[in-house]
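Residue numbers (the numbering used here), protein chains in the order written: chain F, 116 to 332; chain U, 116 to 332; chain R, 116 to 332; chain X, 116 to 332.
In this text, a Cβ means the ideal position worked out from N, Cα and C, and glycines have one as well.
Worksheet: the structure to be examined is printed underneath.
Right, here's the structure in full:
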């Protein structure tokens, strides 16, 4: 599985976001691989109506419906999305709130991807039984260092420790993935997919970038 | 002007939110009064495509586009909305962020409504020159007390002090409004409209409630 | 071990806090039981200089020293305290920050007590290997219900699951403890002590309340 | 007035903080100028007992005493401090909370210094009538640029606009001050003192640095 996080970039905004999602859909259909898109929250409706691949939310606020002006509830997101990122490095959450959201996703049938920053936090979050843990070692975030050339042991070690604690949790490699070669390596290290953003969103030719990425599966 | 804040209520979610917005549009057109709707953020796209009355956002995060996963930028909201609430009592903001957003709204041509909790804060925020200040005296929020029966002097005093400091700022009565009589009173006290939520969203018959409200204009 | 959280109550402020800490010291010495006090942060210095029992902090901010005006670093607290509460229900923290603080406490030789709100979160946090987990079932917080009369199975179950995951972690009963009888029950259920506040801080006669509590050990 | 913010630096921690405060006291007494120190919160007690110059807090949380574990109330700080910084650039606050704290400081007789980031925010905050506004133009924060060489018009303009709105508010220059020459210039531009940190705290010889600074008054 390849999860493409659109972040809040200008390149993934509104109609550009829709175009990007359409490209993801095209490559997914042609390659018969699973690609998930995470559009910007106000674009969830637009994108979900126009593409047939899974659409996930980038974030959900840990609150129930009611007098919560400006909050994003799971209930409002699920009209358009079938899963969500939780605790992304750009939107860290309290442990009690992560637990609340993972449980709520399970009750509502949404796929949960909890992002984590190191092995200890990955292990702790795996006990909450989200569908996925996306490990984002800070050493690899946003840089040019790829998981193939640097620290493969962090990924491998994380996968082993997570699986030992909770075999039901699947692991995504959440940083250091730029190319099909990186995807291949990430899968060899035991992950079940990758979560990435700039490698696609900021690519000069997103379709070409995606084709390269899926070639690694 | 009547601004209807949909909050994060189940009654204003997804298709229900669209139905509610359609009712607002109908009453606005028939009465030839201005009604603005503030749908839940993920529903902005859905609602804005289907109604011709102004659609405002409930909140915008004080950040520019970029690596801001899960944040709601003005840039993403403006595809669907022509204005926004800022600093609602359920989403209070830092003063530096309110200033940043009011200025950004001005630059992008969005209408800004800054909510405030007392006279001192109203006066301070009026210096930032938002389009509107919505005064929400805590004494009146969420209760059954209406501005017609209680504390009309708070509203009158706020309007005078805001106008003295910055005559360009328009004032909305943001609490204690349930009926057309309340709207009438709010306008007599010097405000240029009302901001309300439960009086419409939670009404057994929202259309009837809205007709009553516009009758006060 | 009995940990007395002074909270931010007027009854535990400044000189009153010192008097309260002196009472805790007296009862600890007479009963030869371990009592730990958690004064208000500005009183840490005052209290730590005057009592010989352990003094813990109520909270530490997850930041290193530097340009952090108004933040409470571990480095500033350790002049006066030998341990700290982390993630108290009134000061919930991000999972990444809890992990950072538990590790930092270990490196600096401070005792860490991580507060948790339910079994899942307790299990997750036990993997971070704090010295103590203080379980605070929301059902028991602040109410008159005591752990002896209600939900003993929650406490027992939490202890078992935490110990299974990480036998090195000790467990405190963090809610529902008012009397020596409750302390006795909490220990029977497998905990190694209690964390309490109002039962002592708000007691008409704190010394009497403490004597009763230690009688349960 | 020279206000020295100790921040959370290692150079101002515990006993080092006390030594620094003693140096400030010495220079203040010799020069007969007013120097205020803002130690780290856990050191407020230590420093306030040992020096006779005014001791201010770096921050206060906008809450009343009670069940507020880990929060810093005004009530707990006033045992040791006679004033406080509010809304420092490293601890920005909500407008409603700034208003609450300024009013509370007034009621309790504490001196309030509200930090602001630009002219608009300075003007807005001046309406809340704090004792001081410390203007911190982001252009000048933390850099080597001093107010004497760069942007004196920002400071002059801020002072004029603040005084016009609320003549009772005094203005401090909160950035770009390193030397006595800068202090002199800041006073010429209409401010009534300076707020600074690294220029003293990180100085090789803080006493020499302070002597130079007071020479500008």
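{"Asked": "Chain X contact for residue 239 (chain U) (CB, 8 Å cutoff)", "Found": "yes"}
{"Asked": "The region 310-328 of chain U touching the region 281-300 of chain R, judged by at least three CB pairs closer than 8 Å", "Found": "no"}
{"Asked": "Unbroken beta strand (DSSP E) run spanning residue 249 (chain R), endpoints", "Found": "247-250"}
{"Asked": "Closer than 8 Å at the beta carbon, the chain X residues around residue 158 (chain R)", "Found": "160, 191 and 194"}
{"Asked": "Residue 198 (chain X), enclosing beta strand (DSSP E) - first and last residue", "Found": "198-201"}
{"Asked": "Euclidean distance between Cα positions of residue 277 (chain R) and residue 163 (chain R)", "Found": "32 Å"}
{"Asked": "Residue burial classification, residue 283 (chain X) (beta-carbon count within 10 angstroms, cutoff 16)", "Found": "exposed"}
{"Asked": "Within-8 Å CB hit, residue 281 (chain U) to chain X", "Found": "no"}
{"Asked": "Any chain U beta carbon closer than 8 Å to residue 343 (chain F)", "Found": "Absent from the model: residue 343 (chain F). The displayed extent of chain F is 116 to 332, so no value can be given."}
{"Asked": "Proximal residues of chain X, C-beta to C-beta of residue 211 (chain U) below 7 Å", "Found": "207, 232 and 236"}
{"Asked": "Within chain F, partners of residue 222 (chain R) - CB distance below 9 Å", "Found": "Within chain F, no residue comes near residue 222 (chain R); the closest Cβ sits about 14 Å away, beyond 9 Å."}
{"Asked": "Helix, strand or coil at residue 243 (chain U) according to DSSP, with G and I counted as helix", "Found": "coil"}
{"Asked": "Where residue 232 (chain U) sits in the DSSP three-state scheme", "Found": "coil"}
{"Asked": "Positions along the region 122-148 of chain U whose CB lies within less than 7 Å of some CB in chain F", "Found": "122, 123, 124, 125, 128 and 129"}
{"Asked": "Counted within 10 angstroms of its Cβ, other Cβ atoms place residue 251 (chain X) as buried (16 or more) or exposed", "Found": "buried"}
{"Asked": "Collapsed DSSP secondary structure at residue 139 (chain U) in the structure displayed", "Found": "helix"}
{"Asked": "Endpoints, alpha helix (DSSP H) assigned at residue 222 (chain U)", "Found": "210-223"}
{"Asked": "Contact between the region 189-209 of chain U and the region 140-148 of chain F (3+ Cβ pairs under 8 Å)", "Found": "no"}
{"Asked": "Near-chain A residues of the region 301-317 of chain F - C-beta to any C-beta below 9 Å", "Found": "No chain A is present in this structure, whose protein chains are F, U, R and X."}
{"Asked": "Nearest neighbour of residue 133 (chain R), chosen from R:205, R:225, R:166 and R:180 [CA to CA]", "Found": "R:166"}
{"Asked": "Boundaries of the beta strand (DSSP E) in which residue 311 (chain U) is found, first to last residue", "Found": "309-311"}
{"Asked": "CB contact below 8 Å: residue 180 (chain F) versus chain U", "Found": "yes"}
{"Asked": "Through-space distance from residue 286 (chain U) to residue 246 (chain U), alpha-carbon basis", "Found": "9 Å"}
{"Asked": "Segment contact, 8 Å Cβ cut-off, at least three pairs: the region 173-189 of chain U with the region 199-209 of chain U", "Found": "yes"}
{"Asked": "Chain X contact residues for residue 198 (chain R), given Cβ-Cβ distances below 9 Å", "Found": "Within chain X, no residue comes near residue 198 (chain R); the closest Cβ sits about 14 Å away, beyond 9 Å."}
{"Asked": "Own chain partners of residue 273 (chain X) with C-beta closer than 6 Å, once the 5 adjacent residues on each side are dropped", "Found": "234, 237 and 250"}
{"Asked": "Beta-bridge pairing of residue 181 (chain X) - partner residues as DSSP gives them", "Found": "R:123"}
{"Asked": "First and last residue of the uninterrupted alpha helix (DSSP H) at residue 296 (chain R)", "Found": "295-303"}
{"Asked": "Proximity test, Cβ basis, 8 Å: residue 214 (chain F) and chain R", "Found": "yes"}
{"Asked": "Three-state secondary structure assigned by DSSP to residue 134 (chain X)", "Found": "helix"}
{"Asked": "Residue 321 (chain R) burial status per 10 Å Cβ neighbour count (16 or more: buried)", "Found": "buried"}
{"Asked": "Identity of the residue in X:265, X:242, X:307 and X:317 nearest residue 280 (chain U) by Cα", "Found": "X:242"}
{"Asked": "Those residues which DSSP pairs with residue 160 (chain R) across a bridge", "Found": "The partner list for residue 160 (chain R) (beta bridge, DSSP) is empty, contrary to what the question assumes."}
{"Asked": "For residue 290 (chain U), the nearest candidate out of U:149, U:207, U:127 and U:261 (CA to CA)", "Found": "U:261"}
{"Asked": "Where residue 187 (chain U) meets chain F, residues with beta-carbon distance less than 7 Å", "Found": "156 and 157"}
{"Asked": "Cβ pair count under 8 Å reaching 3, the region 180-191 of chain U against the region 121-128 of chain F", "Found": "yes"}
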